[in-house]
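A short worksheet on the structure shown next.
In mature numbering (1 follows the signal peptide of the UniProt record, and there is no 0), the protein residues as written are -22 to -1, 1 to 479.
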């Protein structure tokens, strides 16, 4: 029998712990020590590469296993100090993060006591989750009434294989994938146990977001809506129902007055939010997921490169989800191999139309194609008078995507260098449009150079550099913003940091 527990974290915040067999033994002390040592090794590598934020993340994950180790705490202190120093050099520092780092350093140095547990959320004892183990099976297609023939161009109907994939993802504790797969099936096709499993995924993921350090009110508000919908799938007498109610209260406490994403069904095939109009072709579950992700990513993208968005978009951005690669190619004239593209129409520097085309058969639509293309749309707002150069535009967009996709470009960079597909940075910076040759090298080099400059001083500083480059030219902008003596000096430093010797 599978059991899951809800445990209490520091500061009284709710954490829904991963599902584990009841018979599993607690981690052996040796395993804890190995995890701590691995985190310390990774953290030192991040610090050596001037990535203090990543070092802090690695170490904070193992605080509970470190048992007050002097070496561990000393390294954590070093990571906090390095991130603080990097933050303070940023011309537009994150004041909230700076204060958080200063507070944590004060606690480590014994000058400040940890804050008491939040009084708004009562601690919760370990609660057994419903038994969703061996009996979790995909729905039987033969027991379902015959479905009407879908109109041409609509997404394919879910199959028993999709149910099996959802069940497998759940049993493997891959709750994000399970959530997506259950949503694709739709509640009407799920058994009672599958609905409970789907609800568990949604409550678990929402609790993780609410528990994240400095969970913003907008994220908590989205969690409120997510848990509210999940509760509709849970029988009131189930233990998970009580847990979900407590997670809901915690999310509401953090959300405060922030508004959740409000979805309005403009028609059977269209959902609208404050800034988006999602054309989902009849797959409402996918449309809802994309709409929520679009609003969250829009806010995050503005904040990453500039600051909070100035308000909702008018006109709204149309997000058109095509059922298959062939349907995407037929409707847009783009190659079927693409997973999406964006277009923005400008009149006198003001957007008059925004549109993103995506593919429903893309398994990483929400985590890669959507944030990548949405970055293009946001940058049209941030650079309304004159777009940034293609290398920066593509680098910024790709870096918004999934880590696995970014790694693919990073891994290919060395091969491009060996095959002579890279340009000098002076030549790269002078490109006015996409090059006719060495296109793979162009993309890999653009991603790598953008990432290198961002790691020096942050995303917002990179945008300031691009603004300066438009005003003073790239060589002067490099001197002004990075104290680098032109493209040739940057090329030497970038190659040393990014290419394998």
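All residues carry an ideal CB built from backbone N, CA and C; glycine is no exception.
I need the straight-line Cα distance from residue i to residue j, nearest angstrom please.
| i | j | result |
| --- | --- | --- |
| residue 390 | residue 318 | 22 Å |
| residue 480 | residue 198 | Residue 480 falls outside the range modelled here, since the chain spans only -22 to 479, and no answer is possible. |
| residue 263 | residue 442 | 39 Å |
| residue 145 | residue 210 | 20 Å |
| residue 66 | residue 436 | 11 Å |
| residue 213 | residue 150 | 24 Å |
| residue 523 | residue 23 | Past the edges of the chain, shown from -22 to 479, lies residue 523, and the structure says nothing about it. |
| residue 386 | residue 216 | 44 Å |
| residue 42 | residue 193 | 20 Å |
| residue 288 | residue 157 | 32 Å |
| residue 232 | residue 395 | 49 Å |
| residue 325 | residue 333 | 15 Å |
| residue 444 | residue 438 | 10 Å |
| residue 162 | residue 177 | 14 Å |
| residue 382 | residue 421 | 15 Å |
| residue 256 | residue 267 | 10 Å |
| residue 465 | residue 416 | 20 Å |
| residue 358 | residue 427 | 21 Å |
| residue 407 | residue 362 | 20 Å |
| residue 393 | residue 185 | 42 Å |
| residue 32 | residue 457 | 27 Å |
| residue 308 | residue 243 | 26 Å |
| residue 431 | residue 453 | 14 Å |
| residue 419 | residue 401 | 8 Å |
Indicate whether residue i and residue j have their beta-carbon atoms separated by less than 8 Å.
| i | j | result |
| --- | --- | --- |
| residue 378 | residue 341 | no |
| residue 364 | residue 459 | no |
| residue 297 | residue 254 | yes |
| residue 373 | residue 425 | yes |
| residue 49 | residue 25 | no |
| residue 79 | residue 54 | no |
| residue 468 | residue 403 | yes |
| residue 368 | residue 409 | yes |
| residue 370 | residue 353 | no |
| residue 272 | residue 260 | no |
| residue 200 | residue 270 | yes |
| residue 154 | residue 183 | yes |
| residue 455 | residue 446 | yes |
| residue 360 | residue 283 | yes |
| residue 351 | residue 314 | no |
| residue 159 | residue 218 | no |
| residue 208 | residue 187 | no |
| residue 75 | residue 433 | no |
Return helix, strand or coil for residue i, following the three-state DSSP convention.
| i | result |
| --- | --- |
| residue 478 | coil |
| residue 302 | coil |
| residue 401 | coil |
| residue 468 | helix |
| residue 539 | Look at the range of the chain in this structure, -22 to 479, and you will see that residue 539 is not part of it. |
| residue 336 | strand |
| residue 250 | strand |
| residue 202 | helix |
| residue 264 | helix |
| residue 363 | coil |
| residue 169 | coil |
| residue 24 | helix |
| residue 393 | helix |
| residue 272 | helix |
| residue 258 | coil |
| residue 329 | strand |
| residue 65 | helix |
| residue 164 | coil |
| residue 342 | coil |
| residue 193 | coil |
| residue 316 | coil |
Exposed or buried, what is residue i when buried is set at 16 or more other beta-carbons lying within 10 Å of its beta-carbon?
| i | result |
| --- | --- |
| residue 429 | buried |
| residue 228 | buried |
| residue 77 | exposed |
| residue 412 | exposed |
| residue 345 | buried |
| residue 46 | exposed |
| residue 461 | exposed |
| residue 19 | exposed |
| residue 123 | Note that residue 123 scores a pLDDT of 30, beneath 50, so its modelled location is shaky and nothing firm can be said. |
| residue 328 | exposed |
| residue 251 | buried |
Quick one: is the Cβ of residue i within less than 7 Å of any heavy atom of the ligand HEM?
| i | result |
| --- | --- |
| residue 269 | Among the components of this structure there are no ligands whatsoever, and the ligand HEM is therefore not found. |
Chain E beta carbons: is any one of them nearer than 8 Å to that of residue i?
| i | result |
| --- | --- |
| residue 347 | Chain labels in this structure do not include chain E; a single protein chain is all it has. |
Item to check | the stretch 292 to 312 contacting the stretch 327 to 344, beta-carbon criterion three pairs below 8 Å | outcome: With contact defined as three or more Cβ pairs closer than 8 Å, the stretch 292 to 312 and the stretch 327 to 344 are in contact.
Checklist entry - If we count Cβ pairs, one from each stretch, closer than 8 Å, do we get three or more for the stretch 160 to 178 versus the stretch 276 to 294? => result Fewer than three beta-carbon pairs drawn from the stretch 160 to 178 and the stretch 276 to 294 are found closer than 8 Å, and the two stretches are therefore not classed as touching.
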